[in-house]
Amino acid sequence: MQFTVAIDGPAAAGKGTISRAVADRFGLAHLDTGALYRAVGVKAAATGSDPVAAALSLTPEDLARADLRTLEAGQAASKVAVIPEVRQALLDYQRDFARRAGGAVLDGRDIGTVICPEAEVKLFVTASAEVRAHRRWLEVGGDAAQVLAEVRARDERDMTRADAPLKPAANAVQIDTSTMSIEEAVAAACAEVAARLPG
Ligand code: CDP
Ligand code: CDP
1 MQFTVAIDGP
11 AAAGKGTISR
21 AVADRFGLAH
31 LDTGALYRAV
41 GVKAAATGSD
51 PVAAALSLTP
61 EDLARADLRT
71 LEAGQAASKV
81 AVIPEVRQAL
91 LDYQRDFARR
101 AGGAVLDGRD
111 IGTVICPEAE
121 VKLFVTASAE
131 VRAHRRWLEV
141 GGDAAQVLAE
151 VRARDERDMT
161 RADAPLKPAA
171 NAVQIDTSTM
181 SIEEAVAAAC
191 AEVAARLPG
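Residue 84 in full-length UniProt numbering sits at position 84 of the sequence shown, and the numbers go up by one each step.
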């Protein structure tokens, strides 16, 4: 069975949480594509190497680094993510994952628009910037105003870049999680997937 669930949206909207739950519920593989860009950004910064070279030489160890979820890694990711050659270097891996036998859930920014435009299910998960920044602040702590500024800066960079900007695919179902619990958001996503599952 080829069955792809594409889950896109801005920072801390709940994409990862929903994706893991959907994958678990329907027995699908899951790929957090943001982790690829985070690993490229962190590797390039740590080694002083060119981001394109870092993307072309990405290893499982790079993806297992403990520092990928920091605010700095998020900023580094969104800076290397504007480089078309970096996106190109990560493309085949994501496309192959999306069409693997048994089905897959991928979450990111451009899954429904660029990586897998033929995905059977496309969800665009959003929430207000304030709600998203508060969620991220609960995870990372520190200065709440700085976390909000970081989320806004990243959204701006992701939405205005020329190559694969963050935007809903034409046929994506939008889920605004601003006032939803995790359970409600997961249930809304699972209902969309269940309605389109073959058989
Ligand atoms: O993957 P993405 O950055 O879009 O978001 P996430 O990592 O899944 O979620 C960010 C944080 O918000 C996590 O700590 C979730 O537990 C939390 N969350 C929430 O409080 N309410 C929701 N409806 C969804 C996520
Ligand atoms: O979890 P959160 O939403 O905060 O970020 P992420 O999904 O880990 O993505 C980190 C950064 O990688 C994003 O801000 C984008 O700049 C970039 N990214 C991208 O360009 N395309 C993707 N498919 C996934 C992430």
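Ideal Cβ placement from N, Cα and C applies to all residues, glycine included.
These numbers come from a predicted model, not from an experiment.
Among the options, the one whose alpha carbon lies nearest that of residue i
i    : options              : result
G199 : A35, D8, F26         : F26
E72  : D50, I83, G41        : G41
R109 : V131, L138, L58, A35 : A35
V193 : A81, V22, V52        : V22
T160 : L90, I83, A101       : I83
Residue i and residue j closer than 8 Å at C-beta
i    : j    : result
V105 : L166 : no
T33  : D107 : yes
A11  : R154 : yes
V114 : A133 : no
A76  : A45  : yes
L58  : A39  : yes
P51  : V86  : yes
S78  : R135 : no
Cβ distance (whole Å) where residue i is taken to contact residue j below 8 Å
i    : j    : result
A6   : V186 : So it is not a contact: roughly 17 Å between Cβ atoms.
F124 : A172 : 4 Å
R99  : Q2   : 5 Å
K43  : D67  : Not quite, the Cβ-Cβ distance comes to about 11 Å (not below 8 Å), so this is no contact.
Alpha-carbon to alpha-carbon, residue j and residue i
i    : j    : result
E118 : G112 : 8 Å
P168 : D176 : 12 Å
L138 : A195 : 33 Å
V131 : E184 : 16 Å
I182 : A189 : 11 Å
K15  : S178 : 13 Å
A191 : L197 : 10 Å
A64  : Y37  : 13 Å
Ordered list of alpha helix (DSSP H) runs contained in the region 14-85, each at least 4 residues:
15-26, 33-47, 51-56, 60-63, 71-80
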